[in-house]
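The block underneath contains the structure these notes are about, expressed in C-alpha cells.
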Amino acid sequence: MSIKLRWRPQLDDERVEALIANLLRAGVVIAALVVIAGAIPYLGAHPRAHVSFRTYSSEPDDLKTVHGILQFAFTGHARGVIQLGLLLLIATPIARVAFSAVAFAIEGDRMYLGFTLIVLAVLLYSLFGSFLIA
Amino acid sequence: MNVLAFTFLVWAGSLVAGFLGALTGLGGGVVLVPLLTIFFHVDLRYAIGASLVSVIATSSGSAAAYVKEGFSNIRIGMFLEIATTFGALLGAYLTAKVPANAIAIIFGIVLMYSAYVSRRTRPRNNVEQPPDPLATKLKMNGSFPDTSGMRNYNVYRVPAGFGIMYIAGTLSGLLGIGSGALKVVAMDQAMKIPFKVSTTTSNFMIGVTAAASAGIYLSRGYIDPSLAMPVMIGVLIGSLMGTRVLVKTQTKLLRLVFSGVIVLLGLQMIFKGITGGL
Chain A
1 MSIKLRWRPQ LDDERVEALI ANLLRAGVVI AALVVIAGAI PYLGAHPRAH VSFRTYSSEP
61 DDLKTVHGIL QFAFTGHARG VIQLGLLLLI ATPIARVAFS AVAFAIEGDR MYLGFTLIVL
121 AVLLYSLFGS FLIA
Chain B
135 MNVLAFTFLV WAGSLVAGFL GALTGLGGGV VLVPLLTIFF HVDLRYAIGA SLVSVIATSS
195 GSAAAYVKEG FSNIRIGMFL EIATTFGALL GAYLTAKVPA NAIAIIFGIV LMYSAYVSRR
255 TRPRNNVEQP PDPLATKLKM NGSFPDTSGM RNYNVYRVPA GFGIMYIAGT LSGLLGIGSG
315 ALKVVAMDQA MKIPFKVSTT TSNFMIGVTA AASAGIYLSR GYIDPSLAMP VMIGVLIGSL
375 MGTRVLVKTQ TKLLRLVFSG VIVLLGLQMI FKGITGGL
C-alpha cells in the first residue's frame, strides 16, 4: 500500500482512531461473551416456558440500575448476567469518549478536549444521573 | 411461543437486520423495531430498548473495520456528537410522553424518509470551493483513500449539519434507532462530506448517540435481557458480516438494496399506528 507512506496531516488522529477501534472491539467482545455466559443458563433453565413481550411492564429494579444489575448478576441470576453484558455494551462508547478526551489532552487540542468532555458529561448523566429527575 | 423458539427466531431475524443495516450504513435498528413489533408482537417500548442496545453493538463492532480503511473523521464525529447526545436525551424523555401509536407513525415516516434519502442521486458538485472558515477553525477538513490515492475534502455548512444532527439524535432517542440515514444527510448533503466518509463517521457516532439514551431506557425498564440478548448477538454477527461486504460493494447498489424493504415496513408501521395495532 503505497498510499500509507505518504505524509498526511492527520497521522496522529489516525493512530488514536486505531486505538479507539481496538477499544471498541474489545468492549463489544467482552460484552457479548458476558451476554452469552448469561444466555446459556437462561435458555437451559426453562427452554419450553412460554414467553411474550406483547404487554409492557417495567423491568424490576434488579435490572434497571447499575447497582441493582451488578448485585443481581453476581448473585448468579442468569438474566442479571445478560443485563450486565448489556451494561458493559452501553459503557463501551462511554469509555471510547473518555479515551478520546485523554488523547485530545495529550495532543494539546484544548478545543476538542472541551467538546469531548461535554459529550462525556451527557453520557455519564444518562447512565448515572437520570434517576435524579425520573 | 416457547423460550427456545422465540430466542432463535428473534436471533435469526436480527442477524438479517444487522447484515442489511451495516451494508447500507443505516444501522440495524431501522428494520429491527418493525420486525419485532409487527412479526413478533413485541411491545414498542421493549422493541426500541432492544433495538437501541443492538445499535451500540453494531456501531462499536464495525468501527474497527472502518477505521482501518481510513474513511472516518473523528473530529467531525466528536463535534457533531454534542448535537446528537443532547438530542438523544430529549428523545429518550419524549418516549415516555408520546403515545405508542404516535411513535409508530413517526417511525413509519422516518423509515420512508430513510428510503427516499438512500434512493436519491445527488448532483455532486465537483467545482472546488474555497474552504469554509468555520470548518477550518474546527479542523474538520480531511482526506480519505480513493482509487487514485488520497483525496482531500473540505467541510461546509457546519451549523446546518449540527442542527440536523440534533434532530437525528432526538429521533434516535425517541425511536431506539441509530438515525444513520439522517446523520448521513447532515454530513453528505448539508456539509458536503464525501459519501464514504459520511457513512463511516455516522457509524462511528451512532454508538455514542445511542449510549446517551440507553442509560435512560435502562432506568425506565425498557431493556429486557431475554429479548435484548438474541437481538444484540444476532445484529452483532450480521453487522460484522455486512461490514466486510461494504468496502467492496458500490455505494449506488447499497442504496438500492434496502429501500424497497424499508418502504414496506414504513407503510406497515404507519398503518399499525393509525389502526392502533401495536
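As they're listed, the protein sequences go chains A and B. Position one of the first sequence corresponds to residue 1 (my numbering), numbered consecutively onward. Position one of the second sequence corresponds to residue 135 (my numbering), numbered consecutively onward. Think of the CB as a built atom: it goes at the ideal place given N, C-alpha and C, for glycine as much as any other residue.
What residues are listed by DSSP as bridge partners for residue i?
i              : result
residue 419(B) : Here chain B comprises residues numbered 135 to 412, so residue 419(B) is not present and cannot be evaluated.
residue 136(B) : 50(A)
Does the beta-carbon distance from residue i to residue j come in below 9 Å?
i              : j              : result
residue 149(B) : residue 247(B) : no
residue 244(B) : residue 157(B) : no
residue 304(B) : residue 186(B) : no
residue 181(B) : residue 307(B) : no
residue 165(B) : residue 151(B) : yes
residue 373(B) : residue 343(B) : no
residue 31(A)  : residue 86(A)  : yes
residue 73(A)  : residue 42(A)  : no
residue 370(B) : residue 192(B) : yes
residue 376(B) : residue 196(B) : yes
residue 292(B) : residue 266(B) : yes
residue 366(B) : residue 66(A)  : no
residue 33(A)  : residue 90(A)  : no
residue 325(B) : residue 290(B) : yes
residue 357(B) : residue 59(A)  : yes
residue 219(B) : residue 51(A)  : no
residue 147(A) : residue 81(A)  : With chain A covering 1 to 134 only, the question about residue 147(A) has no answer from this structure.
residue 174(B) : residue 334(B) : no
residue 400(B) : residue 249(B) : yes
residue 280(B) : residue 56(A)  : no
residue 144(B) : residue 361(B) : yes
residue 194(B) : residue 28(A)  : yes
residue 169(B) : residue 147(B) : yes
Tell me whether residue i sits in a helix, a strand or coil according to DSSP, three-state version.
i              : result
residue 22(A)  : helix
residue 403(B) : helix
residue 207(B) : coil
residue 50(A)  : strand
residue 323(B) : helix
residue 71(A)  : helix
residue 58(A)  : coil
residue 313(B) : coil
residue 273(B) : coil
residue 260(B) : Because the pLDDT of residue 260(B) is 48, which lies under 50, any placement of that residue in the model is unreliable, and the number read from its coordinates should be weighed accordingly. Coil at residue 260(B), not helix or strand.
residue 176(B) : coil
residue 237(B) : helix
residue 265(B) : coil
residue 27(A)  : helix
residue 231(B) : helix
residue 410(B) : coil
residue 318(B) : helix
residue 251(B) : helix
residue 218(B) : helix
residue 367(B) : helix
residue 243(B) : helix
residue 289(B) : coil
residue 36(A)  : helix
residue 357(B) : coil
residue 141(B) : helix
residue 377(B) : helix
Which stretch, first to last residue, makes up the alpha helix (DSSP H) that contains residue i?
i              : result
residue 337(B) : 329-354
residue 107(A) : 78-107
residue 301(B) : 292-309
residue 116(A) : 110-124
Below 8 Å CB to CB, which residues in the same chain sit around residue i once its five sequence neighbours on both sides are set aside?
i              : result
residue 286(B) : 275, 276 and 277
residue 98(A)  : 120
residue 123(A) : 93, 94 and 97
residue 116(A) : 97, 100, 101 and 104
Apart from the five residues just before and just after residue i, which ones in its own chain have a Cβ nearer than 7 Å to its Cβ?
i              : result
residue 217(B) : 296, 299, 300 and 303
residue 190(B) : 341, 344, 345 and 348
residue 20(A)  : 96, 99 and 100
residue 269(B) : 275, 288, 289, 290 and 292
Ignore the nearest five residues each way along the sequence and tell me which others in residue i's own chain have a CB closer than 6 Å to its CB.
i              : result
residue 68(A)  : 61 and 62
residue 1(A)   : In this predicted model, residue 1(A) has a pLDDT of only 41, less than 50, meaning its place in the structure is not dependable; the value taken from the coordinates is given anyway. The answer is none, since no qualifying residue turns up.
residue 238(B) : 403, 406, 407 and 412
residue 70(A)  : none
residue 282(B) : none
residue 241(B) : 309 and 403
Please indicate yes or no: does the CB of residue i lie closer than 8 Å to some heavy atom of the ligand FMN?
i             : result
residue 94(A) : Judged by which ligands are present, the structure shown has none, so any question about the ligand FMN falls away.
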